[in-house]
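Structure first, commentary second.
2 protein chains.
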Amino acid sequence: MNKNKLPKQEENFSDWYNQVIQRAELADYAPVRGCMVVRPYGWSIWENIQAALDKRFKDTGHVNAAFPLFIPKSFLEKEKEHVEGFSPELAVVTIGGGQELEEPLVVRPTSETIIGHMYAKWIKSYRDLPVLINQWANVVRWEMRTRLFLRTLEFYWQEGHTAHETAEEAEHETRQMLDVYTDFAVNVAAVPVIPGLKSESEKFAGAVRSYTIEAMMGDTKALQSGTSHNLGQNFAKAFDIQYLDRNNELQYCWTTSWGLSTRFVGAVIMTHGDNQGLVLPPRLAPIQVVIIPIFRSDDEQNVVMEVVGQVADQLSDLRIKVDDRTEMTPGFKFNDWELRGVPLRIEIGPKDVQKESVMAARRDIPGRDGKNSIEISKIASRVPKLLEEIQENMLAKAIKFRDEHILEPGSYSDFQSVLENNWAFSYWCGSESCEAQIKQETKATIRCVPFNQEESNTGECIYCGKPAKKKAYFAKAY
Amino acid sequence: MNKNKLPKQEENFSDWYNQVIQRAELADYAPVRGCMVVRPYGWSIWENIQAALDKRFKDTGHVNAAFPLFIPKSFLEKEKEHVEGFSPELAVVTIGGGQELEEPLVVRPTSETIIGHMYAKWIKSYRDLPVLINQWANVVRWEMRTRLFLRTLEFYWQEGHTAHETAEEAEHETRQMLDVYTDFAVNVAAVPVIPGLKSESEKFAGAVRSYTIEAMMGDTKALQSGTSHNLGQNFAKAFDIQYLDRNNELQYCWTTSWGLSTRFVGAVIMTHGDNQGLVLPPRLAPIQVVIIPIFRSDDEQNVVMEVVGQVADQLSDLRIKVDDRTEMTPGFKFNDWELRGVPLRIEIGPKDVQKESVMAARRDIPGRDGKNSIEISKIASRVPKLLEEIQENMLAKAIKFRDEHILEPGSYSDFQSVLENNWAFSYWCGSESCEAQIKQETKATIRCVPFNQEESNTGECIYCGKPAKKKAYFAKAY
């Protein structure tokens with residue numbers, strides 16, 4: 001660990017972000033521009049994200065598969081909007097086995113095209129529908145400005161691709177998967193995302209409608225944290241994904257796609273982190289409880305380590321670590337595990353052993369207020385409850401922060417100043433030109449138009465003043 | 479399912495293999511030459527392989543991470559043997575974001591080089607050692623002759639990469655991971671592999687020593703099913719992976735790498751499959767038990783489906799499927815699930831309901847001998863035991879087949895004829911020229927030199943007749 005202090009969030013959030021990632025050993029820069037190495041501690045967070053999502057995908061009837069990394073260049077050109085959206089960002093293989101290739105191969109930026117090609121081959125009849133497949137994969141987009149986890153040339157994600165008989169089923173699937181993402185974000189990651197519809201200008205290249213979950217980071221910027229797209233029949237027509245319907249007539253399928261990536265690790269870091277480093281929600285933390293023995297003599301060590309063993313045994317259902325390194329002081333270890341965001345630290349010294357209790361320090365509540373004395377006999381029941389309290393408190397804190405920074409400005413000039421350090425929740429007439437002007441003048445984009453807005457509510461567009469039926473969230477974004 | 483009969487193994491094993499994969503929907507050909515799509519049923523076998531291995535890796539102290547897909551071309555050139563081994567097989571990205579790249583990027587064929595580069599950055603002192611990292615990844619090798627699962631341009635694998643203080647520790651790690659592979663292959667996949675040392679000519683490009691597990695397929699050809707390499711200080715010197723030792727002196731690390739890939743799915747198919755299709759070992763099978771209701775009227779359906787529900791509830795700890803499709807006959811379903819290799823089929827009809835028992839048909843024992851009548855009240859205890867019996871029987875059968883096809887020919891002319899349909903276990907003097915001559919004359923290669931050969935045993939090289947201390951397995955291989 002670097003001994004210099006971590007930069008303060010309020011002084012330089014971006015510097016804090018980069019340094020906390022490297023000091024906590026979540027990720028590192030690769031020797032290829034814009035690529036990252038996800039180190040074991042960071043990958044372990046992603047594995048926990050994967051497990052939580054994968055269970056939800058399987059519970060909703062999805063299965064996993066693996067489609068190829070390489071896509072013939074011509075495939076991307078079959079869907080007009082899709083190729084326009086992705087062609088500036090492609091990595092292209094032109095040489096294979098020492099020979100120049102007849103047709104260059106694109107390294108997948110996303111897999112609608114190659115999966116569409118396979119679905120056209122596999123789907124014959126309505127009996128084959130729905131097809132509900134997900135893959136966990138790496139994808140590559142040739143981004144110019146990159147940032148660890150948030151935007152890297154290669155990143156890791158899951159991409160779900162489904163095909164359906166009717167438009168209604170496809171829309172239901174699209175919304176269902178957005179609900180799955182929302183449930184995961186809120187209840188596992190304690191990231192209180194706002195689900196909603198993307199504007200036309202922000203939707204996925206080739207989609208009819210894109211839905212998103214939007215999260216507020218610690219600097220109040222927005223982070224698009226997962227998306228779900230209703231692709232209508234666009235890709236079905238481009239790739240001939242047809243089926244014989246119940247009347248024996250040939251129809252195009254209705255398809256969807258939805259994805260959540262390692263970018264979400266960035267969301268976790270920037271939602272919960274503080275000036276001491278990471279703060280990880282217990283349900284995602286690679287280490288939920290770290291146990292630190294404290295002793296100054298061999299005698300003390302023997303006494304303490306025996307109790308450490310007893311405590312560890314009681315917590316064997318949790319992800320725990322005993323930090324028994326002897327070359328470091330307890331104080332160094334406290335700082336180290338705080339930096340790494342371990343939700344609960346249990347300190348066990350000779351006095352604790354005498355009192356038959358231990359001190360448990362919560363990462364989410366700094367200082368004395370976060371300290372809990374726990375009788376050793378009650379460890380097994382008390383610690384899991386404490387972790388649940390931490391999980392709940394982290395969500396409550398994030399909701400409070402988010403709600404304090406979503407304002408409803410009364411005028412466009414208020415709107416402009418609000419957007420310096422907040423989101424604005426304002427009426428929007430729906431025109432692309434107002435959206436574009438706002439973006440140009442404030443650098444804020446429409447993050448989403450949330451659901452369940454009362455039909456009867458109307459107002460004036462924050463930009464042009466014309467009548468507007470829907471409110472949208474505006475914010476600067478990563 | 480294709481209604482034509484599956485080709486017979488004894489008539490055309492290779493055709494049987496290709497067709498069983500496609501008919502059982504394990505994998506399909508991708509639109510890019512030599513690439514495959516792993517379909518959900520095939521991927522589910524791989525997920526079970528991953529789970530079994532990942533647990534064993536973590537139990538032996540390893541952690542997962544993710545290193546980049548792209549490797550600067552110059553990296554591969556740093557280790558002389560490595561670049562010679564891999565450069566004919568590379569896929570190369572020359573264009574990114576519409577621009578020609580200054581330095582072409584190789585799509586990883588394996589990751590020793592880029593991981594070596596990162597280890598050089600991370601490892602400073604003996605306190606940082608050992609580093610025990612694994613990654614689950616896709617890799618690309620530009621093969622000319624490809625085969626689903628066995629040899630594809632892109633494949634999926636895990637690659638472990640470790641760094642150690644001493645040569646002894648690196649050797650211990652290399653052998654330990656070979657033991658992990660052996661344990662997995664034998665006890666999870668019921669594939670009785672033979673572990674041993676690769677000859678110099680067959681070892682990994684850049685390794686000091688390569689160990690392998692070799693399996694015998696149903697046509698008696700050998701399949702290299704996993705490898706573990708002691709890299710000595712070769713990569714440490716090429717990439718400057720140095721550490722300060724306990725005397726504060728700079729030393730090069732000793733490194734290892736080890737991998738097992740989706741090729742292993744091919745090993746499972748070809749070890750256990752028969753003329754009815756796949757036969758999957760219960761511990762790897764995506765569906766361990768399929769329940770098939772049999773009825774001819776609505777009344778019968780009601781009665782049967784109630785019992786089907788009760789049976790399914792009793793088996794909820796297993797991976798089960800109730801095949802309640804109404805458009806197919808039970809006979810069609812029996813064939814379909816046999817093709818897919820489900821270890822146990824439970825049939826429930828009105829008569830079974832009356833007798834309060836069900837019929838369970840084992841996939842590993844065809845016909846009447848494989849049928850077991852089970853009282854419904856004993857389902858929960860009997861079925862898991864039956865699955866264990868199937869697992870054990872599959873291993874015993876595979877061991878018997880293997881041992882019947884490993885012969886010890888007395889002369890070189892016997893050796894030549896033995897190798898038509900068997901492996902030969904013969905003395906080898908250790909010379910590369912004998913090895914090369916044998917390969918040229920018989921198409922057989924040295925699969926491995928097994929461990930624990932008595933020092934006192936000696937004989938004559940099967941090719942040159944000179945004194946030899948070690949026996950090796952010779953076989954034609956995939």
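Chains as they are written, first to last, in the working numbering: chain A, 1 to 478; chain B, 479 to 956. Cβ coordinates follow ideal geometry from the N, Cα and C atoms, glycine included.
**Prompt:** Using a beta-carbon distance below 8 Å, is ASP336 of chain A in contact with chain B?
**Reply:** no
**Item:** chain B contacts from the region 401-431 of chain A (Cβ-Cβ distance under 9 Å)
**Value:** none
**Message:** Could you check whether the Cβ of CYS731 of chain B sits closer than 8 Å to any Cβ belonging to chain A?
**Reply:** no
**Item:** Contacts of GLU47 of chain A in chain B (Cβ-Cβ under 9 Å)
**Value:** ASN542
**Prompt:** With a CB to CB cut of under 8 Å and the five nearest residues on each side skipped, what residues in its chain are close to ALA30 of chain A?
**Reply:** MET36, VAL37
**Message:** Check whether chain D comes within 8 Å of TYR156 of chain A, counting only Cβ atoms and requiring the distance to be less than that.
**Reply:** As a matter of chain content, chain D is missing from the structure shown, whose protein chains are A and B.
**Item:** Proximal residues, the region 568-581 of chain B versus chain A, C-beta separation under 8 Å
**Value:** LEU568, ALA569, VAL570, VAL571, THR572, ILE573, GLY574, GLY575, GLY576
**Asked** What residues in the region 640-662 of chain B have a beta carbon less than 7 Å from any beta carbon of chain A?
**Response** none
**Request:** Give the DSSP-derived three-state secondary structure of MET479 of chain B in the structure shown.
**Result:** Any reading at MET479 of chain B must be qualified, since the residue scores a pLDDT of 46, below 50, and its modelled position is unreliable; the value itself is stated next. In this structure, MET479 of chain B counts as coil in the three-state DSSP scheme.
**Asked** Mapping DSSP to helix, strand and coil, what is ARG687 of chain B?
**Response** strand
**Interfacial residues, the region 492-517 of chain B to chain A, with Cβ spacing under 8 Å** = ASP506, ALA508, PRO509, VAL510, CYS513, MET514, VAL515, VAL516, ARG517
**Request:** Could you pull out every unbroken beta strand (DSSP E) segment of at least 3 residues lying fully inside the region 712-779 of chain B, listed in chain order?
**Result:** 720-722, 728-730, 732-739, 767-771
**Prompt:** Can ILE399 of chain A and PRO109 of chain A be called in contact, C-beta distance under 8 Å?
**Reply:** no
**Asked** Does the Cβ-Cβ distance between LEU278 of chain A and THR256 of chain A come in under 8 Å?
**Response** no
**Message:** I'd like to know if LEU547 of chain B contacts chain A, where contact means its C-beta is closer than 8 Å to some C-beta of that chain.
**Reply:** yes
**Prompt:** In whole angstroms, what is the alpha-carbon distance linking CYS253 of chain A and MET216 of chain A?
**Reply:** 36 Å
**Asked** Under the three-state reduction of DSSP, which class applies to HIS540 of chain B: helix, strand or coil?
**Response** coil
**Asked** Listing by chain order, which chain A residues have their CB less than 8 Å from the CB of VAL585 of chain B?
**Response** LEU69, VAL93, VAL107
**Asked** Excluding the five sequence neighbours on either side, which residues of its own chain have a C-beta within less than 6 Å of the C-beta of ALA472 of chain A, listed in chain order?
**Response** TRP428, ILE446, VAL449
**Item:** Chain-ordered neighbours of PRO88 of chain A on chain B, where CB pairs are closer than 8 Å
**Value:** GLY575, GLY576
**Prompt:** Along the chain, where does the beta strand (DSSP E) that runs through GLU637 of chain B open and close?
**Reply:** 632-642
**Asked** Roughly how many angstroms separate the alpha carbons of GLU10 of chain A and ARG402 of chain A, rounded to a whole number?
**Response** 16 Å
**Request:** Identify the continuous alpha helix (DSSP H) that holds ARG326 of chain A and give its terminal residues.
**Result:** It should be pointed out that residue 326 of chain A corresponds to Thr in this sequence rather than to Arg. Per DSSP, THR326 of chain A belongs to no alpha helix (DSSP H) and is neither H nor E.
**Beta-carbon gap between TYR119 of chain A and ALA163 of chain A smaller than 8 Å** = yes
**Message:** At the 8 Å Cβ level, is PRO862 of chain B part of the contact set with chain A, yes or no?
**Reply:** no
**Item:** Spatial neighbours of TRP620 of chain B in its chain, beta-carbon cut-off 7 Å, leaving aside the 5 residues before and after
**Value:** GLU567, LEU568, ALA569, LEU631
**Request:** May I ask you to verify whether the region 710-720 of chain B touches the region 623-638 of chain B, counting CB pairs closer than 8 Å and requiring at least 3?
**Result:** no
**Message:** If we define contact as Cβ-Cβ less than 8 Å, is ALA955 of chain B a contact residue for chain A?
**Reply:** no
**Asked** Measuring CB to CB, does ALA685 of chain B end up less than 8 Å from HIS707 of chain B?
**Response** yes
**Proximal chain A residues relative to PRO550 of chain B, where beta-carbon distance stays under 7 Å** = PRO31, VAL32
**Prompt:** Who are the near neighbours of ALA267 of chain A in its chain, counting only those whose CB is closer than 6 Å to its CB and skipping five residues on each side?
**Reply:** VAL191, ALA215, LEU223, SER225
**Asked** How many Å lie between SER431 of chain A and MET622 of chain B at the Cα?
**Response** 54 Å
**Asked** Is TRP815 of chain B helix, strand or coil when you go by DSSP?
**Response** helix
**Request:** List the residues of chain A whose Cβ lies closer than 9 Å to the Cβ of HIS595 of chain B, in chain order.
**Result:** ALA30, PRO31
**Prompt:** Relative to the C-alpha of TYR956 of chain B, which residue among B:ASP791, B:PRO485, B:PHE491, B:VAL584 is closest?
**Reply:** B:PHE491
**Item:** CA-to-CA distance, ALA285 of chain A to SER44 of chain A, given in whole angstroms
**Value:** 8 Å
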